[in-house]
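Written out below as structure tokens is the structure these notes cover.
Residue numbers (our numbering): 3 to 407.
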């Protein structure tokens, strides 16, 4: 909770006699601002200084003896780690984590520089995996979201490098990312942001595997449904969004792609099509797991999410139109759930989705035959009217004080 927001709203509570002035002061006392002398400017200064040192060394790298190069890498990395840890122990969290992060980046740069010095040829992504694993261990040690995000980026880059340069999928990197970073999210620090980033990275790497193995693209939907079903088994409602948002986002994007670029023969294309005898059972298994989880945790109302996983590609014709209807129904379902659950975030999300799908439908139906000037004028008008109407409906509902923050 922001102290500035509390100060502003608290004064209104006092004026409306919801709380007394003494209670207001006591509440503010629970949210004292941190008296931290080291702020953003020293962090930026340390980063710029580090970059300057690295640039100077890189410019004169060939003229420096090998033993001195190794010593410089070790001193730089150790210096950042030790200074960062010292500052953390003294309570300067931002600058301490920033310096530890620079030490982690220096460690990765050092791996590359040592390989260059001794003319080592990489045939896999082992160096990236070591770098990412070190970052994950540091995230565990300091309970830092910043170090976690650096680690997940390193693992993603490692997988991209493996697929692009060596044409193979790094199962070791995938497994270590799943164990180390997944374990951190679910056991060490519960954070919706980190869980969202982890699930997104996990699914992006699965997409890389699909691409590399030339698997049919329609298998992505059962894979997304399996990840979605895993979320139904979580008891804590606050964790659902982080787990289920990514698969829903993936299948929503597939639906938009089919509407905009697909045609009625999409199921016949060799790149996409999977025989119904294999595809439908693969879809029913995660669907059954999802249904079981919803019944177990009494979340049957969320079954409308299954709309986005329907196998409409097996319909003989009108697939793009069916996907468009599914997108509309799903956006309306999210909007309805936001109002029924009195949840502000879902109301906003449903509003955005409905407006977006409306503009997708408008573009799909009118782009080919309508004059482009008229297209944009009418499109802008529709967007403004829908935005005004839905925001007016939302503000009227919120004005009655019924929606959770």
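Where a beta carbon is used, it is the ideal one built from N, C-alpha and C, also for glycine.
Straight-line Cα distance separating residue j from residue i
{"i": "residue 366", "j": "residue 311", "result": "22 Å"}
{"i": "residue 309", "j": "residue 332", "result": "7 Å"}
{"i": "residue 362", "j": "residue 167", "result": "37 Å"}
{"i": "residue 193", "j": "residue 160", "result": "24 Å"}
{"i": "residue 122", "j": "residue 200", "result": "32 Å"}
{"i": "residue 37", "j": "residue 195", "result": "With a pLDDT of only 45 at residue 37, under 50, the local geometry of the prediction cannot be trusted, and the value read off the model is given with reservation. Each residue's alpha carbon lies about 27 Å from the other."}
{"i": "residue 254", "j": "residue 99", "result": "37 Å"}
{"i": "residue 226", "j": "residue 87", "result": "40 Å"}
{"i": "residue 72", "j": "residue 173", "result": "31 Å"}
{"i": "residue 343", "j": "residue 349", "result": "9 Å"}
{"i": "residue 89", "j": "residue 104", "result": "14 Å"}
{"i": "residue 244", "j": "residue 185", "result": "15 Å"}
{"i": "residue 216", "j": "residue 92", "result": "53 Å"}
{"i": "residue 117", "j": "residue 144", "result": "29 Å"}
{"i": "residue 127", "j": "residue 180", "result": "16 Å"}
{"i": "residue 294", "j": "residue 246", "result": "16 Å"}
{"i": "residue 368", "j": "residue 387", "result": "18 Å"}
{"i": "residue 24", "j": "residue 15", "result": "12 Å"}
{"i": "residue 101", "j": "residue 170", "result": "35 Å"}
{"i": "residue 219", "j": "residue 114", "result": "36 Å"}
7 Å CB neighbourhood of residue i in its chain, flanking five on each side removed
{"i": "residue 153", "result": "134, 137, 138, 141 and 183"}
{"i": "residue 57", "result": "none"}
{"i": "residue 269", "result": "Annotation note: pLDDT 49 at residue 269 (below 50); position unreliable, coordinate value reported separately. These residues qualify, in order along the chain: 275, 315, 316 and 321."}
{"i": "residue 260", "result": "268, 321, 322 and 325"}
{"i": "residue 352", "result": "333, 336, 337 and 340"}
{"i": "residue 296", "result": "234, 302, 304 and 305"}
Integer Cβ distance of residue i from residue j, believed to fall under 8 Å
{"i": "residue 360", "j": "residue 384", "result": "7 Å"}
{"i": "residue 224", "j": "residue 318", "result": "In fact, because the Cβ distance is near 22 Å, the residues do not count as touching under 8 Å."}
{"i": "residue 157", "j": "residue 203", "result": "7 Å"}
{"i": "residue 206", "j": "residue 131", "result": "Contact doesn't hold; Cβ gap of about 17 Å is too wide."}
{"i": "residue 68", "j": "residue 119", "result": "6 Å"}
{"i": "residue 222", "j": "residue 209", "result": "7 Å"}
Beta-carbon proximity list for residue i, same chain, < 8 Å, skipping 5 on both sides
{"i": "residue 328", "result": "257, 309, 310, 312 and 314"}
{"i": "residue 237", "result": "299"}
{"i": "residue 292", "result": "227, 230, 231, 234 and 308"}
{"i": "residue 12", "result": "21, 26, 29 and 30"}
Proximity test, Cβ basis, 8 Å: residue i and chain B
{"i": "residue 174", "result": "Structure shown: chain B not included; a single protein chain is present."}
Cutoff 6 Å; reference residue i; Cβ partners in own chain excluding five residues on either side
{"i": "residue 278", "result": "316"}
| request: Within the stretch 149-182, note down every full beta strand (DSSP E) run reaching 3 residues or more, in order along the chain. | output: If we require 3 residues or more, the stretch 149-182 turns out to have no beta strand (DSSP E) run fully inside it.
| query | If you scan the stretch 270-322 from start to end, which runs of the alpha helix (DSSP H) of 4 or more residues do you find wholly inside it? | reply | The DSSP assignment places 278-298 as complete runs of the alpha helix (DSSP H) inside the stretch 270-322, in order along the chain (cut-off: 4 residues).
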